[in-house]
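Residue numbers (the UniProt record's numbering): 1 to 167.
Just so it is clear, CB atoms sit at the ideal spot from N, CA and C, and this is done for glycine as well.
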């Protein structure tokens, strides 16, 4: 079940063979016009894994029961706690990527596209949600106990602290 602090799930679908991740260019707030992972709000009495599988289905049409938990992320703005979300990754094969051609608009959330990790992580790339680039550095090695603490100050990313074993 969801805690009062963690109301959201967030997932990165990745293919190690092609070094690509599936991202969503959001059409609405928050992060309108920026590339992000998929996910959303937990329904009442829904567990985190069920939520990320459902949200991925709703946003992409992909059924990915192979999601692995990668801990949680909290975020704050100017020192005010804004909650958090459960993090997941789902590995897919090169054949899965080829069977899911992009770019495509699957739902009202935005446009989906497979993006090369080099492009996502490039220092000049301002089109990706700012904390995503920082989190991807450790996300694939994170465990379900890991904690990412994201801090914003006046709307700008001030930092992301990664704690592999939690607090």
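* Secondary structure of residue 59, DSSP reduced to three states -> In the three-state reduction of the DSSP assignment, residue 59 falls in the helix class, which pools H, G and I.
* Asked: What is the rounded straight-line gap between the Cα of residue 155 and the Cα of residue 33?
  -> 16 Å
* Just curious, the alpha helix (DSSP H) that residue 135 is in, first and last residue? -> 130–139
* Asked: In chain order, what residues of the same chain have a beta carbon less than 6 Å from the beta carbon of residue 165, not counting five sequence neighbours either side?
  -> 145
* Note down the Cα distance separating residue 113 from residue 44, rounded to an integer number of angstroms. => 30 Å
* CA-to-CA distance, residue 39 to residue 9, given in whole angstroms -> 5 Å
* Among 110, 87 and 99, which residue has its Cα nearest to the Cα of residue 28? -> 110
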